[in-house]
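Just so you know, the sequences run in chain order H and E. For what it's worth, the numbering used here labels the leading residue of the first sequence as 11, then goes sequentially. For what it's worth, the numbering used here labels the leading residue of the second sequence as 58, then goes sequentially.
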Amino acid sequence: MSDRPHDTRHGSATGAGKLLARAVATEARAARNLKLAVDDFFLPEAVRLGERLRSELALMVEKLTGGIEMGIREGARRLLAARGEASLAATLDRIDGAVHRRLTESGLLRDAELMAELIARVRQEALAAALPMHAPDDPEQPSLLNRFAQHPDRMLANGAVALLMAESRRRGTGGSGQAGDLPAELQHRLTWWVAAAIRETAAVSAADGAAVDRVLSESALRNLAAYDEGDRLEDAALRFAAALDAPPEELAALLIEALGDGRVVLFIAVLAHGLGVSFSAARDLVLDPAGEGLWVALRALDLPRGAVAQIGYALCEADARRDLDQFAERLDEIMALDPIEAGRAMATLKLHPDYRAAILALASSGNMT
Amino acid sequence: MRAAESLPVTAIGRLDTAGRLLDAEMRLADLNERAGGRIGAPLAIPQIAALARLAQRLGIAISRNVVAADGEDDIELWVRAEPETGSVRLEVSGWQARPGWRGPANDPDRNGDFLRSAADWLWETDASLRITFISDDAGTRYGFDVATMLGQPITRLFSLEQDGSGNLPILNAVAAQARFQGQEAELRGTGRGVRLEAAPRNDPAGRFAGFVGAAYMLEGDDVALPEPDAPLPTPGPFGGFPDSFSQRLDRALREPLGRIIANADSISAQTEGPLKPDYAEYAGDIASAGRHLLGLVEDLVDLQAIERPDFTIAPEPLDLADVARRAAGLLTVRAQQSDVRVDKPALDERLPVTGEFRRALQVLVNLIGNAVRYSPAGGMVWIRLEREDGFGHVIVADQGKGIAPEDQTRIFDKFTRVDPAEPGGSGLGLYIARRLARAMGGDLTVDSAPGMGARFVFTLPLRLEAFGDDE
Chain H
11 MSDRPHDTRH
21 GSATGAGKLL
31 ARAVATEARA
41 ARNLKLAVDD
51 FFLPEAVRLG
61 ERLRSELALM
71 VEKLTGGIEM
81 GIREGARRLL
91 AARGEASLAA
101 TLDRIDGAVH
111 RRLTESGLLR
121 DAELMAELIA
131 RVRQEALAAA
141 LPMHAPDDPE
151 QPSLLNRFAQ
161 HPDRMLANGA
171 VALLMAESRR
181 RGTGGSGQAG
191 DLPAELQHRL
201 TWWVAAAIRE
211 TAAVSAADGA
221 AVDRVLSESA
231 LRNLAAYDEG
241 DRLEDAALRF
251 AAALDAPPEE
261 LAALLIEALG
271 DGRVVLFIAV
281 LAHGLGVSFS
291 AARDLVLDPA
301 GEGLWVALRA
311 LDLPRGAVAQ
321 IGYALCEADA
331 RRDLDQFAER
341 LDEIMALDPI
351 EAGRAMATLK
361 LHPDYRAAIL
371 ALASSGNMT
Chain E
58 MRAAESLPVT
68 AIGRLDTAGR
78 LLDAEMRLAD
88 LNERAGGRIG
98 APLAIPQIAA
108 LARLAQRLGI
118 AISRNVVAAD
128 GEDDIELWVR
138 AEPETGSVRL
148 EVSGWQARPG
158 WRGPANDPDR
168 NGDFLRSAAD
178 WLWETDASLR
188 ITFISDDAGT
198 RYGFDVATML
208 GQPITRLFSL
218 EQDGSGNLPI
228 LNAVAAQARF
238 QGQEAELRGT
248 GRGVRLEAAP
258 RNDPAGRFAG
268 FVGAAYMLEG
278 DDVALPEPDA
288 PLPTPGPFGG
298 FPDSFSQRLD
308 RALREPLGRI
318 IANADSISAQ
328 TEGPLKPDYA
338 EYAGDIASAG
348 RHLLGLVEDL
358 VDLQAIERPD
368 FTIAPEPLDL
378 ADVARRAAGL
388 LTVRAQQSDV
398 RVDKPALDER
408 LPVTGEFRRA
418 LQVLVNLIGN
428 AVRYSPAGGM
438 VWIRLEREDG
448 FGHVIVADQG
458 KGIAPEDQTR
468 IFDKFTRVDP
478 AEPGGSGLGL
488 YIARRLARAM
498 GGDLTVDSAP
508 GMGARFVFTL
518 PLRLEAFGDD
528 E
């Protein structure tokens, strides 16, 4: 557009060379950016994370790495002080966002298992927030977990309170809460990544490197030792579901009430326990908007039509990706499914997860020869 | 509201499997008739008919909040549809007239989010007022054991105190299924005072399902006094949204909303060609709803800015008379549309003060805009200038229905609207205006009586050096 003549008299030859190189780089970057934008645009709407979920996910990653980072730095600083190397403590001062940035740029956070866990968690939370509440017919009647918190059976009462606690912790404003509460393997992986990123972003002289390495790794180990997978919300829910061990005829009411109270994690845990599958397998069933797997699972538990309808209705109301009309359309077809046959279809979910992953990997890799 | 007041709250009706109305109690039957239906014909209220069909297909009872047209009005209904053998039973309650456009301030969930944004810690209960959630760090911070409180009645955690008139605000709120604030209590066993606020949660059938609440500590290290004059508590993540989300709120919403409004306006003005009049009118509705949303986005962005601990204004010398004239000028069109006259300061009047121009303008546009909105047709809004005790005053007075003394402090709270039935507004305007006035070293006050109109006084510090050449 511009037709203003440019004054180029002061441009030196080396300057021009650099400029040209930069222009070429710009072109390459533009092409890359375009490719990313195009990829993003063509993502099917059903798969793409919405803005809100993306934002929640970004925040969760930041909080997770930030919490672990704080724990490691504090521990390392204490170790330095105890060993009379307090002069090194300043090298461990946090540089705002540096560790998180480094981990993101490195691509380490793209780890499939970590992302699967975190994305499932934001979806699970979004579902819980969007579920229609259900008020009891008798206003004096406490909600499901609150009733069990008063149960004479101490196992059940403790289990219910532990679950309430774990949920409060998960939703809490952070602060003193345990940083992480990921499955153990992921917690270990992430902790070491963070420790390594702290090392890389710290301004340490070569002479002090060994000392800093020592306290960082020791602090990471101590943080991992203090971590208890059993405190996780998902594990508390599974333990409670196991303690309840609801007989088949009570399962429907239990599942419906858990949903009505917005306790998605409990719903998933009861489902997992009933089916005899892992929490993550049951969670995948519940969070999949296509929902076929879940209907089969509910049939495998031999849930009556009313219960399947109520669960399907609540999930459709809470998740815009689910189609209520289509669900109503298919309800008869779902109910026509024989529970024993449905149970057989669920059998693969009970296999060892690594075995299932291997089967999937083999199937998707096709034939290379 | 009309003779309807004396009718029973819930009207029962039955549809056959083909959706034809078998029988209905008077209120439902009347509504159906006004919509052009009759007994024996398909139900003429499409939203309820759809719900009944769905309940029948799924074979379960379904409850939903439905807005149905009733002549010129919209009414808000709670509908429960339950399939029976050969028919579907309907229970319809609510029957609230609903303004054409409602601000989201009436939405309890969102209300809850905002209510909690500045709290020291949060709590939730179920319908039986037993605790279902407590912020995890509250226990260690204030000396109680969270584990022994979860699942327990709320009175186990708080020893509730009566207010000035001997009531427990929380119990009144349960009865009315309303929001409450200012419930004082002692955190049992800790000797610490706490002030509670909460919004109710309802299920889709409109029944009370518990409270979403906030707690403000009244003393100790974590002081967060609720008085508007006190330094305000440092807000947590804004409105329950992650920070990154609210940072993008403005950018993400302003542009698409602007486009919606512009296109709806041009449809409404039929610039591209003639259109059926009711469609043009719908487009006008879309534009006005869009403007409402845009106003809300602006309010929220402002709210977020002024609630940040590092919020400052850039004081500059300004002429409050000039600002008032400009604000009045901006509202001329709206005033003319509502047939309200605005009596603005004369062109030669001057009132030199210190403040930030755009913020002062924002406050005055808000005040004059309110005055115009609440003025009866043919009414008048006065803008007067005064100087007193080192402050310049702008007085905005209207002939509206006025504000009752008990509401006069409340209107400066977040999300308060004196008349929730009044359309428009986020309930943030006066809250923001007062915060801005105070940030500039001035204030915003009101005096009014019901029936006498409202008088808002906006003050800013007089610019002393200006006195010499001014008077």
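Note that beta-carbon positions come from the ideal geometry of N, C-alpha and C, so glycine has one too. Note that the structure is a prediction, hence the values are computed from the model and not measured.
Under 8 Å between C-beta atoms of residue i and residue j
| i | j | result |
| --- | --- | --- |
| Leu493/E | Lys471/E | no |
| Pro257/E | Ala232/E | no |
| Gly196/E | Asp202/E | yes |
| Leu529/E | Gly94/E | This structure cannot settle anything about residue 529/E, because the visible part of chain E is limited to 58 through 528. |
| Leu113/H | Ala207/H | yes |
| Met143/H | Gly270/H | yes |
| Val410/E | Leu314/E | no |
| Ala205/H | Ile105/H | no |
| Arg382/E | Pro366/E | no |
| Pro314/H | Glu239/H | no |
| Gln134/H | Leu297/H | yes |
| Leu234/H | Leu74/H | no |
| Arg91/E | Gly151/E | no |
| Asn156/H | Arg415/E | no |
| Pro149/H | Ser185/E | yes |
Residues that residue i contacts on chain E, provided the C-beta gap is smaller than 7 Å
| i | result |
| --- | --- |
| Arg181/H | Phe190 |
| Gln320/H | Ile117 |
| Ala170/H | Gly208 |
| Gln160/H | Gly208 |
| Ala338/H | Leu111, Arg114 and Leu115 |
CB-CB length for residue i against residue j, believed under 8 Å
| i | j | result |
| --- | --- | --- |
| Asp376/E | Arg407/E | 5 Å |
| Arg146/E | Arg77/E | Between Arg77/E and Arg146/E the Cβ distance is about 14 Å, and since that is not below 8 Å, they are no contact. |
| Ala352/H | Ala317/H | That pair is no contact at about 14 Å. |
| His283/H | Ala252/H | 6 Å |
| Leu388/E | Ile425/E | 5 Å |
| Ala328/H | Leu137/H | 5 Å |
| Leu108/E | Ile119/E | 6 Å |
Per-residue contacts from residue i into chain E (C-beta, under 8 Å)
| i | result |
| --- | --- |
| Ser153/H | Asp183, Ala184, Ser185, Arg187, Thr189 and Gly267 |
| Gly316/H | Gly116 and Ile117 |
| Leu341/H | Arg114, Leu115 and Gly116 |
Pick from the options that is closest to residue i, judged by C-alpha positions
| i | options | result |
| --- | --- | --- |
| Ala100/H | Arg131/H, Val109/H, Thr114/H and Glu84/H | Glu84/H |
| Val171/H | Ile129/H, Asp163/H, Phe158/H and Ala33/H | Phe158/H |
| Arg520/E | Leu217/E, Pro507/E and Gly499/E | Gly499/E |
| Pro54/H | Arg331/H, Leu200/H and Ser65/H | Arg331/H |
| Arg232/H | Ala252/H, Leu264/H, Asp121/H and His198/H | His198/H |
| Arg164/H | Leu254/H, Ala136/H and Val204/H | Leu254/H |
| Leu253/E | Glu241/E, Arg121/E, Trp152/E and Gly457/E | Glu241/E |
| Ala266/E | Arg245/E, Leu388/E, Val251/E and Gln234/E | Gln234/E |
| Arg224/H | Ala38/H, Leu98/H, Tyr365/H and Ile78/H | Leu98/H |
| Glu312/E | Gly250/E, Gly352/E, Arg441/E and Pro433/E | Gly352/E |
| Asn427/E | Glu243/E, Gly239/E and Ala385/E | Ala385/E |
| Phe237/E | Arg491/E, Arg467/E and Asn320/E | Arg467/E |
| Ala340/E | Gln327/E, His349/E and Leu350/E | Gln327/E |
| Gly459/E | Pro507/E, Val429/E, Ala490/E and Ile440/E | Pro507/E |
| Ser395/E | Ser345/E, Asp405/E, Tyr431/E and Leu275/E | Tyr431/E |
| Met509/E | Glu445/E, Tyr488/E and Pro433/E | Pro433/E |
| Trp135/E | Gly239/E, Leu88/E and Arg264/E | Arg264/E |
Contact list for residue i against chain E, beta-carbon separation under 9 Å
| i | result |
| --- | --- |
| Tyr323/H | Leu111, Leu115, Ile117 and Ile119 |
| Asn43/H | Within chain E, no residue comes near Asn43/H; the closest Cβ sits about 19 Å away, beyond 9 Å. |
| Glu150/H | Ala184 and Ser185 |
Contact list for residue i against chain H, beta-carbon separation under 8 Å
| i | result |
| --- | --- |
| Val203/E | Met175 and Ser178 |
| Glu258/E | Checking the sequence shown, residue 258/E turns out to be Arg, not Glu. By Cβ distance, chain H contributes Met143. |
Partner residues on chain H for residue i, Cβ-Cβ distance less than 7 Å
| i | result |
| --- | --- |
| Arg264/E | Ala145 |
| Pro261/E | Pro142 |
Please give me, in chain order, every unbroken run of the beta strand (DSSP E) with length at least 3 that falls completely inside the region 208-267 of chain E. 215-217, 237-244 and 249-259
Identify every run of the alpha helix (DSSP H) within the region 32-108 of chain H, keeping only runs that are complete inside it and at least 4 residues long; order them along the chain. Segments of the alpha helix (DSSP H) lying fully in the region 32-108 of chain H: 61-92.
Uninterrupted alpha helix (DSSP H) stretches inside the region 251-316 of chain H (no shorter than 4 residues): 258-270, 274-285, 289-297 and 302-310
Curious, which full-length beta strand (DSSP E) runs of at least 3 residues does the region 427-462 of chain E contain? Fully enclosed beta strand (DSSP E) runs of no fewer than 3 residues occupy 437-445 and 448-454 of the region 427-462 of chain E, in order along the chain.
Hey, which unbroken runs of the beta strand (DSSP E) at 3 residues or more fall wholly within the region 305-393 of chain E? Segments of the beta strand (DSSP E) lying fully in the region 305-393 of chain E: 373-376.
Runs of beta strand (DSSP E) wholly within the region 73-114 of chain E (minimum 3 residues, chain order): 78-81
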